[in-house]
Structure formats: structure tokens, C-alpha cells
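Asker: Pasting a structure here, questions to come.
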Amino acid sequence: MSEPATIRLEPSGDSFVCNPGETILRAGLAAGFAMPYECASGSCSSCKGRLLEGAVEHIWPDATGLSERDRRKGDRILCCQALPQGDVTVQVRLGEVEGARKEQAPAPFKATVETLERLVPGVIAFSCRPAQPVPFLPGQYVLLQVPGGERRAFSMANTEAETLDFIVKEKPGGHASRYLFDELAAGDTVSLEGPYGRAYLRTPPVREIVCVAGGSGLAPILSVAKAAIADPDTPAVRLFFGANAAEELFMVDEMQALAAAHDRLSLTLAVRDGAPGAATGLVGDVALAAMEDLDDCDFYMAGPPGLIDAILRPVMRCGKVKPERIFFDRFF
């Protein structure tokens, strides 16, 4: 498509302009609409819509967010992957973002890799510097363009707009993992797009904050925790980080130093198989047990889908958190 397209949404009747090379999701967010989405990379189905008129091309034709049944129907699309080929009409239900802050419109940009290090086997951290600062909300993420056309979502572990710090866990056999773990080096230029994500820190803080992370889900949770304790009005922050075995824990020294510097931040490590200085058990269970003395809190969590799914229902049932005060990202 070489000309801007008009995207009409049903049943709301709203419309917006989508420029060449823009996905329907990115254009809708830039226009100020509360488009539904979660991963923004085609792995989930949160942004799925029904194409009523027009045609689209998908960036990732085999995106896992569309089931075989969706593909047989022929009119289901993922707004995060859909590039309109002219004017289109899409059936998608707009939502409301509870306690939302002003979200920066996502946009493509380039950044230079400044540092890259291996934290533990299968986990790396790298830092990028964009040509211009990229403001983002604590807990948000960007999409990284992998050579070959795929895009993958990675959350920032810091809070500053001048540099973007990432934590990545290796996915054996994954195309993106091969690139990041075997090819990426300091000095390389990467193509990014964002910021995305709605599991960001809600302000002003009026209740205690509980943060739970597993694996590379530590990145957005660290960003949320750092920003929260930087606000002197935040009552307290409880940070829980879990792993299956002690050797899978990482960035422990940084988190302990952060807790030592801020008396309103408490850190609990949880190891399923047990380890010195850590609680024994799954991090979600450890966090829920520690919340017994709370009357109310905001709850942030990030990690693999299994972790999120295992925690979500118990957290909603515990009576300590209102459903609209639970914020999470699944790392597909």
C-alpha cells in the first residue's frame, strides 16, 4: 500500500488513518483509541478482529495468535500484524484502560546496542541507545525486528528514555533467540517499534504495590518497582522473583542493593527446589502467602503464560486485590 488507508471500526463507528507500513493496531493507538491487545507481536489473540470489508496482509502469516479455526473462517485478523491494502472495516470492540496514564504513541525507531552480557546460562541482558530519547511508561515494552521479518516483544528493565535495557531468556530453537544469543553484538543497530503495553505503573500510588516476576518477566517488574519507589508517596513495594532452581536466579545483587537503598522496598526470592536465602516454592504461592497481612494492594506480574495463568485466579479470589488493579504481561 503506497497511500494512507481509512480504517473503520465496528460496532463503534470510529475511524482513523493508517499510513503505509503501519499495522492497524499501531495506527489505532496513535489515533488515541483503546485498541485491545497484549503481546503486539502475533503470539496471542488479544487483538483479534473480524475483517468486514477490504483486504490486509499479515507481517507474520503463520502467527500463533490465529487458530486453525480462525484461518478456516478466512475473515479473522490480528490487528498487530495486519497491514491494510486500502480502506478496510474491522469488527473489534474498543475497551477502557483502568487508571490509564498518557500513553506515548508507538512508532518505529533505530537504536545502537551499547552493552551485552550473559547473566546466567540461557539469559542475556543488553542495553540500546536510540538516536532520540524514547519516552515510555514503567512496565512497557517494544517490538524488536529480527532479521527475516519476525518481530518479538521485549520489556524495558529501566525507567530512563535515553537508553533501553532488556533481559531476554533463550527459547531453544527459536529464530529470535539464535539472533540475540549468537549474532547480536555491541555496536550493532537494531530496528525497534514502540512503546507498547498496558501493564504499566499506575499513578498516583494510593496503596501498597506487589510485584511478582518469573524469568525474563523480571524486566518490566524491575521497571515498575524502580519507578514506584522513586515516588516518595508510594506506601510500600513488595518485590517477588522466582525460579525453578537457584542457578536460574539472576540480577540478585542489583535487587538486593535496590532494597537496601530504599526501606519501602522489600525483596523476596522464591526457588521451587529450595535454596539458601530464598523461600521454597512457586513464586506465586510465596507472594500470596506473604499478602495475608494486606487489606488492599495493586498487583503487577510478568513471566511465562503458565506462571500468569497459575497466579491470576488465586489472586482474584484472595480478596486482597480488586480485579481492575491487577496488571500483567505474559511472555509468550
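Going by our numbering, the sequence shown opens with residue 970, and the numbers climb by one from there.
Where a beta carbon is used, it is the ideal one built from N, C-alpha and C, also for glycine.
1) Is it true that the segment 1098-1105 meets the segment 1044-1061, where meeting means three or more beta-carbon pairs spaced less than 8 Å apart?
2) So the alpha helix (DSSP H) Arg1282 belongs to, where does it begin and stop?
3) Whole angstroms are fine: how far does the CA of Arg1282 sit from the CA of Pro1116?
4) What are the residues that DSSP puts in a beta bridge with Met1004?
5) Report the rounded CA-to-CA distance for Leu1208 versus Arg1041, giving the unit in angstroms.
6) Look at Leu1238 and Ala1247 and say whether their C-beta atoms are less than 7 Å apart.
7) With Glu1216 and Val1137 assumed to form a contact (beta carbons below 8 Å), what rounded beta-carbon distance in angstroms separates them?
8) Once the 5 residues before and after Met1224 are set aside, which same chain residues still bring their CB inside 6 Å of it?
9) Quick test of the definition: if touching needs 3 or more C-beta pairs under 8 Å, does the segment 1175-1182 touch the segment 1149-1163?
10) Quick check on His1231: does DSSP put it in helix, strand or coil?
11) Can you give me the Cβ contacts of Ala999 inside the same chain, cut-off strictly under 6 Å, excluding the 5 residues immediately before and after it?
12) What number of angstroms, rounded off, separates the C-alpha of Cys1016 from the C-alpha of Ser1010?
13) Considering only the alpha carbon of each residue, which of Gly1211, Leu1170, Ile1178 lies closest to Ser1192?
Answerer: If we stick to the structure as given:
1) no
2) Taking the sequence shown and counting its residues from 1, the one referred to as residue 1282 is at position 313. Segment 1274-1286, the alpha helix (DSSP H) holding Arg1282.
3) For this step, residue 1116 is matched to residue 147 along the sequence shown. For this step, residue 1282 is matched to residue 313 along the sequence shown. Answer to the nearest angstrom: the Cα atoms are 38 Å apart.
4) Indexing the sequence shown from 1 puts residue 1004 at position 35. Met1004 is not bridged to any residue.
5) As a position in the sequence shown, residue 1208 is number 239, starting the count at 1. As a position in the sequence shown, residue 1041 is number 72, starting the count at 1. If I take the Cα positions, the gap works out to 44 Å.
6) Within the sequence shown, residue 1238 is the residue found at index 269, counting from 1. Within the sequence shown, residue 1247 is the residue found at index 278, counting from 1. In this structure, Ala1247 lies closer than 7 Å to Leu1238 by Cβ.
7) Position 247 of the sequence shown, counted from the first residue, corresponds to residue 1216. Position 168 of the sequence shown, counted from the first residue, corresponds to residue 1137. Actually they do not touch by this definition, with Cβ atoms about 18 Å apart.
8) By 1-based counting over the sequence shown, the position of residue 1224 is 255. Counting only Cβ-Cβ distances below 6 Å, and skipping sequence neighbours, we find Leu1236.
9) no
10) Within the sequence shown, numbered from 1, the residue matching residue 1231 stands at position 262. Three-state DSSP puts His1231 in coil, outside helix and strand.
11) One-based indexing of the sequence shown puts residue 999 at position 30. Counting only Cβ-Cβ distances below 6 Å, and skipping sequence neighbours, we find Ala1074.
12) Within the sequence shown, residue 1016 is the residue found at index 47, counting from 1. Within the sequence shown, residue 1010 is the residue found at index 41, counting from 1. Answer to the nearest angstrom: the Cα atoms are 10 Å apart.
13) Translated into the one-based positions of the sequence shown, residue 1192 becomes position 223. Among Gly1211, Leu1170, Ile1178, the Cα nearest to that of Ser1192 is on Leu1170.
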